[in-house]
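A quick write-up on the structure given underneath.
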Amino acid sequence: MQAGEKRLAGQLEDKLESDYLLWYDVPIGATGHHPDFLVLHPRRGLLVLEVKDWKTDTLISIDKSRAVIHTASGPKETVNPFEQARGYAHDILTLLERDPALVHTEGAHRGRLAFPWSYGVVLTHITRAQFEAAELGQAIPPDRVLCKDEIAESVSAEAFQERLWAMFSWVPRVPLAMPQVDRIRWHIFPEVRIGGSQLDLFARPDSVEVMPDLIRVMDLQQEQLARSLGEGHRVIHGVAGSGKTMILGYRCQYLARLLQKPILVLCFNRTLSGFLQQMLEARGLTQQVSVRTFHGWCHDQLRLYHAGLPASDLPPGEFAEQLAQRVILAVDRGFIPRAQYGAVLIDEGHDFQPEWLKLVTQMVSPETSSLLVLYDDAQSIYRRKHFSFRSVGIQAQGRTTILRLNYRNTAEILEFAASFAEELLTPEEAEEDGVPLLRPQAAGRRGPRPQVIQLPSLGKELDYVAGHLQQLHDEGYAWRDMALLYRGGSTGEAAAQRLRRTAIPCQLVGKRAGQSPLDTRADSVKVLTFHSCKGLEFPVVAIPRLKRPTPGAEEAKDEARLLYVAMTRAIDRLVLTTSG
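Per the numbering used here, the sequence shown starts with residue 994, numbered consecutively.
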């Protein structure tokens, strides 16, 4: 921000109540235009403000369309800021008047916005007296300008607001409803849209041809967080379904425009890595943003810098462990360079060992210090050591955000899943900058309560699941909106065979024979293990062979975590069966 913009931002925050929404320098749709400030209030309307730090001796001349100003390199012609603000306002008007929910549907004003909109100029170094003495009112309407003395700290909130809203020609009798506010945000800022599936989050804005009846957008906390993470190390603790991956994708978009150095996205799960890769491909970001599993990245580093790979005949677990240890040693000895990336973003950070986080932190360029770690200890399905972020070099004190609201699941699905992981979800505060354990809070969406269907055998379970998925497909759910999740063993193969016999397209996801990498674009039911489904979501999830963890058993907590992760993949419907 320029000095004048900072001053205005401070006064907007200080003198406007909490029900105002304010955006600074955010692009409008696909226009590429960045108004200085947008102000939205449900009882007042939408206001565009353009800020200029001009002084009276800066201006050589000004008319209703152009201005000539003194600059260090000589006179410069520019657009009249009032005309500039008018253009931005009409860009917004064009977007909003397409929506029947935002316009008058009858009467003399039919087709026009049902709430006020306006635009104005803020002159941060010109007082009202100077404005009038210089006869600037011939180029900028006097009632559409805020002057230096009218945004001073000594000005009362009432006087400030009176000047602001004098820019409008009328006051609405009925305030905007929250769904209308969400629709305004949906139109002006396509990047906050949430589609029917995770992949839709990253569809290009110009690919949306038909406006949906049901509009879903980031909530205000998510939008504010995604837009204003700022520099330095950041940690987001978020419950399942709180939008962590959505924020990561938004952050990638932002950083790709800002940074010259490459950007690295890391996760533990191979299936999630493939999914993130497809999301970023859909946004055209893969030239600058690389998505890898942690161990895949370690393998790449050892090969690139000829630091020596582990023996290929080692057991998989030991091979993976040696990959990480060899990279750590090679970095310590200087064989592998530090600071390779302009930014590093870690999804599902709760699956990372402390020493992995310490390694990855060293890969961030000190020029940017841009590190984002997304975390939810309740979803940690691999046994990890307790640690503080400071101990691994993550300096996020004062830059940690907690997301407690679950937006993915209906309240009924979330309650049911939480009942299987009750011991794990007892809230625990973290000491220093450790990891708090959060109990998710439902955002209020309702749906049918999950029921466990008891059947005599696995075959009958799969018959029931296939029939239920077919019924939901007939009701309008696409096959790609469905997933069948299983604990392990041969259940996946048996499920895939049963679905195919009933002509239900399916994809058995995995790396073994007969399995394939996740393809989110294919219109097919995805058959995944509990471990592979982490970070994903589907409107419909079926889980056969459900078994409640045995209380007191050594592995009970691990099984409860797995079930919690699997069940919270379901957005609308959770189909559960058991036998034996």
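Every residue gets a Cβ at the ideal spot worked out from N, C-alpha and C, and that includes glycine. Just so it is clear, the structure is predicted and the values come from calculations on it, not from any experiment.
Closer than 7 Å by C-beta to residue i: which residues in its own chain qualify, once you throw out the five before and the five after it? Chain order, please.
i        : result
Gln-995  : Asp-1046
Lys-1048 : His-1118, Ile-1119
Arg-1319 : Leu-1295, Ala-1300, Gly-1301, Pro-1303
Asp-1018 : His-1027, Asp-1029
Could you tell me if the beta carbon of residue i falls within a distance shorter than 6 Å of some heavy atom in the ligand PLP?
i        : result
Thr-1087 : Ligands in the displayed structure: none, and consequently the ligand PLP is not present.
How should residue i be labelled, buried or exposed, when 16 other C-beta atoms within 10 angstroms of its C-beta is the threshold for buried?
i        : result
Gln-1500 : buried
Gly-1452 : exposed
Pro-1498 : exposed
Ala-1126 : exposed
His-1230 : buried
Arg-1059 : exposed
Lys-1519 : buried
Lys-1540 : exposed
Gly-1267 : buried
Thr-1513 : buried
Asp-1340 : buried
Arg-1494 : exposed
Thr-1484 : buried
Asp-1369 : buried
Thr-1403 : buried
Thr-1238 : buried
How is residue i classed by DSSP in three states: helix, strand or coil?
i        : result
Ser-1572 : strand
Lys-1057 : coil
Met-994  : coil
Thr-1049 : coil
Trp-1349 : helix
Cys-1291 : helix
Trp-1158 : helix
Gln-1500 : strand
Ile-1181 : helix
Leu-1088 : helix
Met-1356 : coil
Ser-1412 : helix
Phe-1382 : coil
Arg-1538 : coil
Trp-1472 : helix
Cys-1245 : helix
His-1226 : strand
Pro-1074 : helix
Asp-1565 : strand
Tyr-1334 : strand
How many angstroms separate the CA atom of residue i from the CA atom of residue j?
i        : j        : result
Leu-1455 : Pro-1537 : 7 Å
Leu-1555 : Cys-1140 : 60 Å
Lys-999  : Tyr-1243 : 25 Å
Phe-1075 : Phe-1124 : 14 Å
Gln-1294 : Asp-1175 : 44 Å
Pro-1359 : Ile-1387 : 13 Å
Gln-1077 : Arg-1037 : 22 Å
Asp-1551 : Arg-1480 : 12 Å
Thr-1354 : Phe-1261 : 16 Å
Ala-1065 : Thr-1051 : 11 Å
Leu-1039 : Leu-1089 : 11 Å
Leu-1448 : Leu-1569 : 11 Å
Leu-1529 : Ala-1563 : 9 Å
Is there a C-beta anywhere in chain C that falls below 7 Å from the one on residue i?
i        : result
Thr-1570 : Annotation note: the requested chain C is absent from the structure, which comprises a single protein chain.
Shortest alpha-carbon distance to residue i belongs to which of the options?
i        : options                                : result
Lys-1254 : Leu-1521, Met-1239, Leu-1040, Ala-1332 : Ala-1332
Thr-1264 : Thr-1403, Asp-1565, Pro-1510, Leu-1001 : Pro-1510
Ala-1436 : Glu-1405, Ala-1275, Ala-1336           : Glu-1405
Pro-1168 : Val-1502, Gly-1485, Glu-1146, Pro-1109 : Pro-1109
Leu-1567 : Asp-1092, Ser-1221, Leu-1462, Ala-1489 : Leu-1462
Ala-1489 : Pro-1449, Ala-1535, His-1466           : Ala-1535
Arg-1250 : Pro-1020, Trp-1016, Pro-1542, Ser-1483 : Pro-1020
Tyr-1081 : Val-1445, Pro-1309, Gly-1025           : Gly-1025
Pro-1172 : Phe-1161, Val-1210, Val-1138           : Val-1210
Ile-1053 : Val-1044, Thr-1071, Arg-1036, Ala-1476 : Thr-1071
Ser-1517 : Trp-1472, Gly-1482, Met-1560           : Trp-1472
Ala-1411 : Pro-1134, Arg-1438, Thr-1561           : Thr-1561
Pro-1134 : Ala-1414, Asn-1073, Ala-1107           : Asn-1073
Pro-1028 : Val-1114, Glu-1010, Ala-1107           : Val-1114
For residue i, collect the residues of the same chain with a Cβ closer than 8 Å to its Cβ; drop the 5 residues on either side in sequence, then sort them by chain order.
i        : result
Arg-1227 : Leu-1364, Leu-1365, Val-1366, Ala-1389, Arg-1392, Thr-1393, Thr-1394
Tyr-1013 : Leu-1005, Val-1032, Leu-1033, His-1034
Ala-1515 : Arg-1473, Pro-1498, Gln-1500
Ala-1132 : Ile-1055, Asp-1056, Lys-1057, Ala-1060, Asn-1073, Phe-1075
Pro-1542 : Phe-1413, Glu-1548, Ala-1549, Lys-1550, Glu-1552, Ala-1553, Leu-1556
Trp-1349 : Phe-1287, Ala-1317
Starting from the C-beta of residue i, find all residues in its chain whose C-beta is less than 6 Å away, skip the five residues before and the five after it, and write them out in chain order.
i        : result
Ala-1323 : Ala-1300, Ile-1329
Arg-1079 : Tyr-1112
Gly-1130 : none
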